[in-house]
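Chemist: Quick one: this structure, given as structure tokens, is what I'll be asking you about.
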Amino acid sequence: MKQALFLLGCLALTGCAGSKVVSTVETGDRSNDFKYKNGSTGIRYSVTHDSEYLYLKLLVTERTDMMKMARGGMQVFFDLEGEKNQEVYLQYPLTMQQRRQQRGQGRPEAGQGARPNGRQGQGGGQRLNLSQMLQFLPQEAQFVRFGEADELDMQDPEVDILASIYSPSGEDMVYDLAIPFSRISPNGMAELDGFSVGIRSGKLEMGGRGGNRGGGGGRPGGRPGGGAGV
Numbered sequence: 000m001k002q003a004l005f006l007l008g009c010l011a012l013t014g015c016a017g018s019k020v021v022s023t024v025e026t027g028d029r030s031n032d033f034k035y036k037n038g039s040t041g042i043r044y045s046v047t048h049d050s051e052y053l054y055l056k057l058l059v060t061e062r063t064d065m066m067k068m069a070r071g072g073m074q075v076f077f078d079l080e081g082e083k084n085q086e087v088y089l090q091y092p093l094t095m096q097q098r099r100q101q102r103g104q105g106r107p108e109a110g111q112g113a114r115p116n117g118r119q120g121q122g123g124g125q126r127l128n129l130s131q132m133l134q135f136l137p138q139e140a141q142f143v144r145f146g147e148a149d150e151l152d153m154q155d156p157e158v159d160i161l162a163s164i165y166s167p168s169g170e171d172m173v174y175d176l177a178i179p180f181s182r183i184s185p186n187g188m189a190e191l192d193g194f195s196v197g198i199r200s201g202k203l204e205m206g207g208r209g210g211n212r213g214g215g216g217g218r219p220g221g222r223p224g225g226g227a228g229v
């Protein structure tokens, strides 16, 4: 299946080195989450940052889109010069083919990608049990920078990239990512002029959005220590 690209937006990475990052989990204030909405897909999202980390959050409400992301894999790419370059990206979750290649067999390992049971829906069909499906989602990821791939275990506390997919209500899905700027560019923020972020997954398409993103994002819980304090 051919994948299609959609651009989330451009970042102006200036004027926030001294900003304090406030965790929306700790304050209980989620009013700034998912500030933007794409009209064609209905996906809500936010792209924020502090002096060391970039934060991306997506809120997906359509079941078809959830399945494309969770089962078909998703890439978040980081375009260093805003020219739709896709040579630096995080692949999480992996595609089904990538998962099979990593395991060296066609069947998922126990507890990793096993097929969850659905709920019986009207008309005798199976309704997606979203929370259970995400519980069994394999936690392997791959970070690629100009052809060099780094295989990641997202459950390893030593990994400096934090990515997760979860369902707060059982009816919608959240994709939550925190990645150090030092991963994206050796010189961190100082080298990111005209920087943009985008994702691609299945045939999901989304139009571009530009504009500044002020400092201070919702820091996902459990990120390894270091960087600006909360």
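Going by numbering that gives the first Met the number 0, 29 is the number at position 30 of the sequence shown; the sequence numbering is gapless. Using N, Cα and C, we set each Cβ at its ideal position, and we do this for glycine too. These figures come from a predicted structure and were not determined experimentally.
The beta strand (DSSP E) that contains isoleucine 198, what's its start and end?
Modeler: 195–199
Chemist: Taking the straight line between their C-alpha atoms, what separation do you get for lysine 56 and glutamate 150?
Modeler: The straight-line gap from Cα to Cα measures roughly 22 Å.
Chemist: Which residues bound the beta strand (DSSP E) around threonine 40?
Modeler: Here threonine 40 belongs to no beta strand (DSSP E), and DSSP marks it neither H nor E.
Chemist: Is it right to say methionine 76 is buried, meaning 16 or more other beta carbons lie within 10 angstroms of its own, or is it exposed?
Modeler: Note that residue 76 corresponds to phenylalanine in the displayed sequence, not to methionine. The residue in question, phenylalanine 76, is buried, as its Cβ has 16 or more Cβ neighbours within 10 Å.
Chemist: Any idea if lysine 34 is buried or exposed, counting beta-carbon neighbours within 10 angstroms, 16 or more meaning buried?
Modeler: exposed
Chemist: Measure the alpha-carbon distance for histidine 48 versus glutamine 131 and round it to whole angstroms.
Modeler: Those two C-alpha atoms are separated by around 31 Å.
Chemist: Pick from Gly197, Glu147, Gly169, Arg43: whose alpha carbon is nearest that of glutamine 134?
Modeler: Gly169
Chemist: Which residues bound the beta strand (DSSP E) around methionine 172?
Modeler: 172–179
Chemist: Measuring only the C-alpha atoms, how far is valine 87 from arginine 144?
Modeler: Within the model, the alpha-carbon separation for valine 87 versus arginine 144 is close to 4 Å.
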